[in-house]
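**Student:** Dumping the structure here so I can ask a few things about it.
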Amino acid sequence: MQNKLETRSPPLNVNELDNKQICCVLINKEWHRARVPESKLSPLGTLQVFCVDSGKTYSLPLSFVRTVMDLAGIEADHIRQWPPLATKFILADLVGPRGPGSGSQWSIPAMFFLKTHLENRTWKAVPLGIYAGHQGVRLFDSENKLFVASMIKVELGVPSQTYQDALTMSKVLNEQPTNIKPVLEPLLEPELDMTPASPTPTKTASNFEYFIRSSPVKHKIPLIPDDSTVSSDSLANLLAGMNTSSSDFCSAPNAVGSVNLLASTKTPQAPFSTPQANPTTITEIPDVDLAAQEILFVIFSGEPGSFFGKLGRIPIKDQDEMATELLNVYSSLLNAPLLYVDGKSRLGHHGVLQWNEDQNYHRFRRVLIISELPDGLVEIYFIDYGNSLWIPRLKILAPLDCLNHFRQPPHGIHCKMDGNFSFTASEWKSLVLDKWVEVNVGECKEGGYTVTFTDNSINKKVADVVRAKATPASITTGKGELYFLSR
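Numbers 703 to 1189, taken from my numbering, label the letters of the sequence shown in order.
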C-alpha cells in the first residue's frame, strides 16, 4: 500500500474530496488515514485534515493527500472500512466547578492534574453513553481505584450524580479474583460526526483498556481488543447500532465539563520554518583528532579482533547537543527532505536516519552511504556507533544547512587488532562489549585504526583472555604492553 500511495498522484482539485470518505495523508514520512472536514483551501494553500486513528488535525498541502476509494485489493478495503483506532472520550462521574456564569469550567490546576495523572498510563475503562458526541468512560487504575476520586478529594472537580455508583463499582471490581479478566471490547463510531443511527440502547457491559500517550509527534488512544471479541467483519456491521443513547452522568446539563483527552495532551509542534532549513550535500566530516593513547568505551563488536569504541574524552554535553538538535529539527518537520530525490548515486554522502528503538522512543542518527544496489537498497554506516545495515534509500533523510552540530567529528573510532584469534563472534562480543579499554592508536587503514592495548590496569582482564586466544606467532610483549603485530 505504501508503494501504491507513493506512486499515486494527488487529487487535482479539493472538490474531489468527500468529507465522508477516507483518504490517506503523508505526515512525518508515514501515511495516515484521514477525513477532510471541509473541501476548502486556506489562504496559505493548505487543507485541514482529521486523522481518524489519532484524533489529531493537521493543515497540509493538497500534494500530501491521496484518495483511496478506487484502489483495489484487500489492503485498500481495510483502509476504507476498518473502524477508527482511536476516539475522543469524556470523563464520567465528575464535572468542573461552577464558574462566574451559569456553566462550569475547569481550572488550570485541574487541567494540569488531568495531564500529569492520565498521560502515559494504561486505564481500565467502563464505557457509558455518548454525550456531546463523545464516548463517556469511567476510569479505574491497576488497583481498581476510581480515578476521579483523587480529583474530588483535592477539590479539583465536583462529583456528578453517578459518582456513588462509580465508587460501588470500584469496590466490586476490587473484590474480584485476580484471575478473572474482563472481556475487552472496543466501542468505536464509524462516522466522524458520531451521529446516532438508531434508537438502539448503548452497549455498556464490557470494560476495555486504553493507553494515553504523550509524545512530541503523536498522541494516540488506541483501543486494545481481546482475542474473544467479535471479528472485524461483524464488528463493522455492529458499529452503527452502538453508542446511540446518552447516559445521564451529570447532575445538570449546564454543569457538564467536557474533557477532551486528546486536546488536553501536548499540542503538536509547529512545522520547522527557519528559512535556512534547506537540504544540503555533505560528503566530508572532519576526522577525529586522536592522541597517541585513547580511552574508549566499546559499544560495538565486529569480527574477532575488531570493535568500535566511543572516545571517553568527548564530553557528554557535546554528544547530547547534536542528538537534541537532530531530534528537535527533524521531528518538527512535517515532511523532512529525502537524501535520494533523483536517480543519482549518493555513495559517500552523509545523511540522517530516524532510529526507532521502540514504539515510544525515537532518535535521529548520522549515517554514511557506503554501498548501493540497483533495487533501491543501500548500505549505511552509523559513524557514531560503528554498525551498518541495509535499508531502502527512501528511508534516509537529507542533512540540513541549519544544523550547527552535524559536522562534528565522529564520536568514536573503529579499531582493528592485527593477529589471528580463535574466538567465536559471540565469545568476542561477550569479552569486549560494554567495556572500557585504553589503546595505543596506530595508523588508519580503510577507515579503521590499528590498535594495541596499553598496560593500563583496566585492560588486564581483556588482555589476558586475548593473549590466551591468540596464536603465538602474532604476540610479543615488551615494557608491560601487549602487541599484535601486522602480518
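Virtual Cβ for every residue (Gly too), placed ideally from N, Cα, C. Remember, predicted model here, so these are calculated numbers, not experimental data.
1. Which whole-angstrom value describes the C-beta separation of residue 1101 and residue 1053, a residue pair presumed to lie in contact below a C-beta threshold of 8 Å?
2. Give me the Cα-Cα distance between residue 1049 and residue 1073, rounded to the nearest whole angstrom.
3. Can you name the start and end residues of the alpha helix (DSSP H) that residue 833 belongs to?
4. Could you check if residue 704 is buried or exposed, using at least 16 other CB atoms within 10 Å of its CB as the buried criterion?
5. By alpha-carbon positions, which one of 798, 1114 and 1096 ends up nearest to residue 1085?
6. Count the C-beta pairs between the region 1091-1111 and the region 1125-1145 that are closer than 8 Å, then say yes if the count reaches three, no if not.
7. Does the beta-carbon distance from residue 853 to residue 791 come in below 8 Å?
8. According to DSSP, which residues form a beta bridge with residue 760?
9. Which of the three DSSP states, helix, strand or coil, is assigned to residue 962?
10. Among residues of its own chain, excluding the 5 on either side of residue 1003, which ones have a beta-carbon nearer than 7 Å to its beta-carbon?
11. Write down the C-beta distance between residue 1154 and residue 1118 rounded to the nearest angstrom, noting that I regard them as a contact closer than 8 Å.
12. In terms of DSSP beta bridges, what is residue 1019 paired with?
13. Along the chain, where does the alpha helix (DSSP H) containing residue 783 start, and where does it finish?
14. Let me confirm a value: residue 1145 is counted as buried when at least 16 other C-beta atoms fall within 10 Å, else exposed. Which label applies?
15. Ordered along the chain, which non-local residues of its own chain (more than five positions away) have a Cβ less than 6 Å from that of residue 1150?
16. What are the boundary residues of the beta strand (DSSP E) that includes residue 847?
17. Locate the beta strand (DSSP E) running through residue 1138, then write down its first and last residues.
18. Considering Cα atoms alone, identify which of 808, 1021 and 842 is closest to residue 1108.
19. Pop quiz: residue 767 and residue 797 are said to be a contact at Cβ under 8 Å. What is the actual Cβ separation, rounded to whole angstroms?
20. Quick one: grab the DSSP three-state call for residue 769.
21. Rank 829, 751 and 735 by C-alpha distance to the C-alpha of residue 787 and give the top, closest one.
22. From what residue to what residue does the beta strand (DSSP E) around residue 1107 run?
23. So, with DSSP's three-state summary, where would you put residue 1073?
24. Does the distance from the C-beta atom of residue 980 to that of residue 731 stay below 8 Å?
25. Do residue 1123 and residue 1007 come within 8 Å of each other at the CB atom, strictly closer than that value?
26. Where residue 902 and residue 830 are concerned, what is the direct C-alpha to C-alpha distance, given to the nearest angstrom?
27. Under 8 Å between the Cβ atoms of residue 741 and residue 770?
28. DSSP three-state label for residue 1172, please.
29. Go through its chain and collect everything with a Cβ distance to residue 722's Cβ below 6 Å, but skip five positions before and after it.
30. Out of curiosity, what's the CA-to-CA distance linking residue 707 and residue 1091?
31. Answer yes or no: do residue 1066 and residue 1028 have a C-beta to C-beta separation smaller than 8 Å?
32. Would you mind stating whether residue 1164 and residue 1139 have Cβ atoms separated by less than 8 Å?
33. I believe residue 840 touches residue 856 by the beta-carbon criterion, under 8 Å. Please report the beta-carbon distance rounded to the nearest angstrom.
34. Could you compute how far the alpha carbon of residue 1157 sits from the alpha carbon of residue 994?
35. Restricting to Cα atoms, I'd like to know which of 848, 799, 763 and 757 is closest to residue 746.
36. Under 8 Å between the Cβ atoms of residue 799 and residue 765?
**Tutor:** In short:
1. 6 Å
2. 6 Å
3. Careful: residue 833 lies outside any alpha helix (DSSP H), inside the beta strand (DSSP E) at 823-833.
4. exposed
5. 1114
6. no
7. no
8. 751
9. Unreliable positioning characterises residue 962 in this predicted model, as indicated by a pLDDT of 35, which lies under 50. The coordinate reading is nonetheless provided below. Of the three classes helix, strand and coil, the one that applies to residue 962 here is coil, per DSSP.
10. 1009, 1130, 1131, 1134 and 1135
11. With a Cβ gap of about 11 Å, residue 1154 and residue 1118 do not count as contacting.
12. For residue 1019, which the question treats as bridged, DSSP gives no partner whatsoever.
13. 776-783
14. exposed
15. 1116 and 1118
16. Here residue 847 belongs to no beta strand (DSSP E), and DSSP marks it neither H nor E.
17. 1138-1147
18. 1021
19. Contact doesn't hold; Cβ gap of about 39 Å is too wide.
20. strand
21. 735
22. Residue 1107 -> no beta strand (DSSP E), and no H or E assigned at all.
23. strand
24. no
25. yes
26. Only weak support exists for where residue 902 lies, its pLDDT of 31 falling under 50; the value from the coordinates is given anyway. Using only the alpha carbons, I get a separation of about 14 Å.
27. no
28. strand
29. none
30. 26 Å
31. yes
32. yes
33. Incorrect: roughly 19 Å between the Cβ atoms, too far for contact.
34. 14 Å
35. 763
36. no
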